[in-house]
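Engineer:
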DNA sequence: CAATGTTCTGGGAGCGCTTCCAGAACCGCG
DNA sequence: CGCGGTTCTGGAAGCGCTCCCAGAACATTG
């Protein structure tokens, strides 16, 4: 059942059919110089007639280049995959990869134990480099990988100061934009549902929002941390309503949390945006389909995925002069919820 | 910049440090029989002290086993990745993979030209098997792969009769359930927004719905095909309203189309579910968050992803007695839209 | 025509691993 | 003590490819 119906032809056979040596066949196939037109043609024909395609494994073993990179989700895979964020990153990575001839290996740390295996797998020469999406900023993996010499680029600012290049959205400015927007909309009691304290995205959005509030000379009307999920956002909103019933503007650090919050607001009889204006973060599809459509801070996730990929490929090819890290701009997309 | 800081130790070095031959070291590492306790311990120590981890490439070359499988998205990658369907499949695949020690390589046919490369890559021995998610039923890829001897399992019934095992949801029964439900809710003029004619999912849901209608002795009050997107669903709904203003029940073959349809209904002043009951398909997150929450036919997507993965692994390991194909049950999840 | 380059070619040594095979070491037994 | 049997070991031959190197073939000069 597992048998490969036809044995794959090898380079030796190609060489034999073409009447040249294996070396010459190899050179012809790889388009190198110093191959006579005659030999090249013979090899080309042999390849075609045999339906030869090189064994990439063997090639990799010889060249120490695998032409594939890993996308590492350093989170429990089942959780992170539920997040549309991930799909968008993947799209960006895919875009960045296209035309490079590289393949993508998807890896997820499913549990503690697998974390070790993962590092081992990555260092065992199966990939040329790794993209690490590590939502929790204190992840040891990036450092571990980088110190083993594997080219690594991070998506998302790491919390610890590690010497690994990263690409992130300008979360801080995004938070600032949200604050400014709510102020501009005439809101007087502005609260925030912040992300987790152990994720850079959570921290930076919150600090940006704080900066925006300070700049507008406003005092925060409540700060509650949640976990970026809809349920978490709902719980946080309940908490906020209880503690600060006067709240009339909320910045949720993710669209998912914003949607959860809107649900709670609706149940509490608050109209959106008349009674309470809501701003989310991500500008995901969810924001567009929400009722009412959600004002949200757009972060260019696909772009980020693309950026880390290009950056990694450049690093693998030892292109010099790479910026160590990049923040991509965020922008506010006003809709009807504010 | 690309240098691997420390050269990876090889099996030879382990053997030398342990004072045994390479063969013995290999046997010890792979836990084979016929290794003396003494030798085994020496090797174990050497491995630990050197920080050795086997080069999987070399191992694969020797064993002709790569311990990785491909997930092939035989659609334009950027499109398919936007679909939450895909994320759920991936989650299922991931679950199915866990504990098997296999890795996942993600492949997408980005364009016509890449389609060929893709097939070549897959057959070039880089993976032990392939999962093919091919939404358009007339995709030539599955057949091509299977005939090259590579173990392949499909997600989604292929349109052409090919000799490749597949796993799909019982779309037909799902459509039937939707019809029966709308009838039971007392709807008299039931229409459907069907999926594309060239996808098995579209065809099967429609035929099931037709069967359900016939069983209830009802005549369809309109059938419009759309493309599974929200915009498509909206356009279809407009068409339906124009042609059949009396419609009071709609089965949309995807949640996305259902949401689009609901938008149009709302704009047309129809109340949901009082004036028009709506049933979707997928039971996605969208169905839960829609306003009003959408009655939908649940298909166990994660389960399907898991099933194809287990099936493929079994096939790779040449486990006999595999059912050729499987339909997983669908069920109706009633919510407030009907 | 010898001398000097410039293409082009095949042999062969790897890459790091598994695995076959033949033989060494050890076991208990008559 | 010799003998068949079991357990263990190292040598060596691959897996399919790349790439170095020495030399062959050919072209170009004085």
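Protein chains in written order, with the UniProt record's numbering: chain Z, 1 to 338; chain X, 1 to 338.
The beta-carbon is built from N, C-alpha and C at its ideal position, and this holds for glycine as well.
1) In whole angstroms, give me the CA-to-CA distance for residue 97 of chain Z and residue 164 of chain Z.
2) My guess is that residue 251 of chain Z and residue 179 of chain Z are in contact by the Cβ rule of under 8 Å, so how many angstroms apart are they, rounded?
3) Quick check on the burial criterion: 16 or more other C-beta atoms within 10 angstroms. Buried or exposed for residue 92 of chain Z?
4) Just to make sure I have the definition right: I need the residues of chain Z whose C-beta is within less than 9 Å of the C-beta of residue 347 of chain X. Which are they?
5) Residues of chain Z with a CB under 9 Å from the CB of residue 189 of chain X: which are they?
6) Could you tell me how far apart the beta carbons of residue 272 of chain X and residue 257 of chain X are, in whole angstroms, since I believe they sit closer than 8 Å?
7) Flag this pair as touching only if the stretch 269–284 of chain X and the stretch 215–226 of chain X have three or more C-beta atom pairs under 8 Å; answer yes or no.
8) Are the CB atoms of residue 129 of chain X and residue 312 of chain X nearer to each other than 9 Å?
9) On the criterion of 16 or more Cβ atoms from any shown chain inside 10 Å, does residue 34 of chain X qualify as buried, or is it exposed?
10) Provide the residue span of the beta strand (DSSP E) that contains residue 72 of chain X, from first to last.
11) On the criterion of 16 or more Cβ atoms from any shown chain inside 10 Å, does residue 133 of chain Z qualify as buried, or is it exposed?
12) If the cut is a Cβ gap below 8 Å, which residues of chain X does residue 86 of chain Z touch?
13) If contact is defined by three or more beta carbon pairs under 8 Å, each pair taking one atom from either stretch, is the stretch 16–23 of chain X in contact with the stretch 43–51 of chain X?
14) Would a C-beta distance cut-off of 9 Å place residue 299 of chain Z and residue 139 of chain Z closer than the cut-off?
15) What are the boundary residues of the alpha helix (DSSP H) that includes residue 81 of chain X?
16) When DSSP labels each residue in this structure, what does residue 331 of chain Z get in the three-state scheme?
17) Does the CB of residue 335 of chain X have a neighbour CB from chain Z at under 9 Å?
18) How far does the alpha helix (DSSP H) with residue 136 of chain Z in it reach, from first residue to last?
19) Taking a contact to mean a Cβ-Cβ separation below 9 Å, would you say residue 225 of chain Z touches residue 194 of chain Z in this structure?
20) Below 8 Å CB to CB, which residues in the same chain sit around residue 9 of chain Z once its five sequence neighbours on both sides are set aside?
21) How far does the alpha helix (DSSP H) with residue 225 of chain X in it reach, from first residue to last?
22) How far does the alpha helix (DSSP H) with residue 249 of chain Z in it reach, from first residue to last?
23) Run through DSSP, which three-state label would residue 103 of chain Z get?
24) Within the same chain, show all residues whose beta-carbon is closer than 7 Å to that of residue 222 of chain X, passing over the 5 residues directly before and after it, in chain order.
25) Regarding residue 262 of chain Z and the ligand SAH, is the C-beta to nearest heavy atom distance less than 8 Å?
26) Which of helix, strand or coil does DSSP assign to residue 29 of chain Z?
27) With distances taken between CB atoms, is the gap from residue 291 of chain Z to residue 279 of chain X smaller than 9 Å?
28) When burial is assigned at 16 or more other CB atoms within 10 Å of the CB, is residue 260 of chain X buried or exposed?
29) Opposite residue 298 of chain Z in the DSSP bridges: which residues?
30) Let me make sure I understand the geometry here. Which of Z/287, Z/295 and Z/237 has the alpha-carbon closest to that of residue 270 of chain Z?
31) How many angstroms separate the CA atom of residue 72 of chain X from the CA atom of residue 267 of chain Z?
32) Buried or exposed for residue 32 of chain X, please, with buried defined as at least 16 other CB atoms from any protein chain shown within 10 angstroms of its CB.
33) Please classify residue 197 of chain Z as buried or exposed, where buried requires at least 16 other C-beta atoms within 10 Å of its C-beta.
34) Secondary structure at residue 214 of chain X, three-state DSSP: helix, strand or coil?
35) Quick check: what's the CA-CA separation for residue 320 of chain X versus residue 314 of chain X?
36) What residues in the UniProt domain "HTH lacI-type" (9–63) of chain X have a beta carbon less than 8 Å from any beta carbon of chain Z?
Structural biologist: With the given structure in hand:
1) Position 97 of the first chain holds residue 97 of chain Z. Position 164 of the first chain holds residue 164 of chain Z. The alpha-carbon atoms of residue 97 of chain Z and residue 164 of chain Z are separated by roughly 20 Å.
2) Residue numbering aside, residue 251 of chain Z sits at position 251 when the first chain is read from its first letter. Residue numbering aside, residue 179 of chain Z sits at position 179 when the first chain is read from its first letter. Confirmed, Cβ separation roughly 7 Å.
3) Indexing the first chain from 1 puts residue 92 of chain Z at position 92. Classification for residue 92 of chain Z: buried.
4) Because chain X in this structure spans residues 1 to 338, residue 347 of chain X falls outside the shown range and cannot be described.
5) Position 189 of the second chain, counted from the start, is the residue given in the question as residue 189 of chain X. Within chain Z, no residue comes near residue 189 of chain X; the closest Cβ sits about 26 Å away, beyond 9 Å.
6) Here residue 272 of chain X is taken as the residue at index 272 of the second chain, counted from 1. Here residue 257 of chain X is taken as the residue at index 257 of the second chain, counted from 1. That pair is no contact at about 14 Å.
7) no
8) Start at 1 with the first residue of the second chain, and residue 129 of chain X comes out as number 129. Start at 1 with the first residue of the second chain, and residue 312 of chain X comes out as number 312. Their beta carbons are under 9 Å apart, which means residue 129 of chain X touches residue 312 of chain X by this criterion.
9) The residue given as residue 34 of chain X occupies position 34 in the second chain. Exposed: under 16 other Cβ atoms inside 10 Å.
10) Within the second chain, residue 72 of chain X is the residue found at index 72, counting from 1. Per DSSP, residue 72 of chain X belongs to the beta strand (DSSP E) from 68–73.
11) As a first step, residue 133 of chain Z must be located in the first chain, where it is residue number 133. Counting Cβ neighbours within 10 Å, residue 133 of chain Z comes out buried, since at least 16 surround it.
12) Mapped onto the first chain, residue 86 of chain Z falls at position 86. Chain X residues near residue 86 of chain Z: 87.
13) yes
14) Start at 1 with the first residue of the first chain, and residue 299 of chain Z comes out as number 299. Start at 1 with the first residue of the first chain, and residue 139 of chain Z comes out as number 139. No, the pair does not count as a contact, with Cβ atoms beyond the cut-off.
15) As a first step, residue 81 of chain X must be located in the second chain, where it is residue number 81. Unbroken run through residue 81 of chain X: none, as it is neither H nor E.
16) Within the first chain, residue 331 of chain Z is the residue found at index 331, counting from 1. Looking at residue 331 of chain Z - three-state DSSP - the assignment turns out to be strand.
17) Looking up residue 335 of chain X in the second chain gives position 335. For residue 335 of chain X, the answer is no, since every Cβ of chain Z falls outside 9 Å of its Cβ.
18) Position 136 of the first chain holds residue 136 of chain Z. Here residue 136 of chain Z belongs to no alpha helix (DSSP H), and DSSP marks it neither H nor E.
19) In the first chain, residue 225 of chain Z corresponds to position 225, counting from 1. In the first chain, residue 194 of chain Z corresponds to position 194, counting from 1. Contact: yes.
20) Mapped onto the first chain, residue 9 of chain Z falls at position 9. Contacts found: 50, 51 and 52.
21) Looking up residue 225 of chain X in the second chain gives position 225. No alpha helix (DSSP H) contains residue 225 of chain X, which is instead part of the beta strand (DSSP E) from 223–225.
22) In the first chain, residue 249 of chain Z corresponds to position 249, counting from 1. Note, residue 249 of chain Z: premise wrong, no alpha helix (DSSP H); beta strand (DSSP E) at 249–252.
23) The count along the first chain starts at 1 and reaches residue 103 of chain Z at position 103. In the structure shown, residue 103 of chain Z sits in a strand (DSSP, three-state: E or B).
24) Residue numbering aside, residue 222 of chain X sits at position 222 when the second chain is read from its first letter. For residue 222 of chain X, where only same-chain residues beyond five positions count, the Cβ hits under 7 Å are 191, 240, 243, 244 and 247.
25) Ligands are entirely absent from the displayed structure, and the ligand SAH is therefore not among its contents.
26) Within the first chain, residue 29 of chain Z is the residue found at index 29, counting from 1. Of the three classes helix, strand and coil, the one that applies to residue 29 of chain Z here is helix, per DSSP.
27) Translated into positions along the first chain, residue 291 of chain Z becomes position 291. Translated into positions along the second chain, residue 279 of chain X becomes position 279. No, they are not a contact pair.
28) Residue mapping note: residue 260 of chain X aligns to position 260 of the second chain, counting from 1. So residue 260 of chain X counts as buried.
29) Start at 1 with the first residue of the first chain, and residue 298 of chain Z comes out as number 298. Note: residue 298 of chain Z sits in a beta bridge opposite Z/282 and Z/331.
30) Taking the first chain and counting its residues from 1, the one referred to as residue 270 of chain Z is at position 270. Minimum Cα distance to residue 270 of chain Z is reached at Z/237.
31) As a working note, residue 72 of chain X is residue 72 in the second chain. As a working note, residue 267 of chain Z is residue 267 in the first chain. Looking at the two C-alpha atoms, the distance is approximately 44 Å.
32) Numbered from its first residue, the second chain carries residue 32 of chain X at position 32. By the 10 Å Cβ count, residue 32 of chain X comes out exposed.
33) What you label residue 197 of chain Z is simply residue 197 of the first chain in a count that begins at 1. By the 10 Å Cβ count, residue 197 of chain Z comes out exposed.
34) Residue 214 of chain X sits at position 214 when you count from the first residue of the second chain. Helix, per DSSP.
35) Here residue 320 of chain X refers to the residue found at position 320 of the second chain. Here residue 314 of chain X refers to the residue found at position 314 of the second chain. Rounded to whole angstroms, residue 320 of chain X to residue 314 of chain X spans 8 Å at the Cα level.
36) 53, 54, 55, 56, 57, 58, 60 and 61
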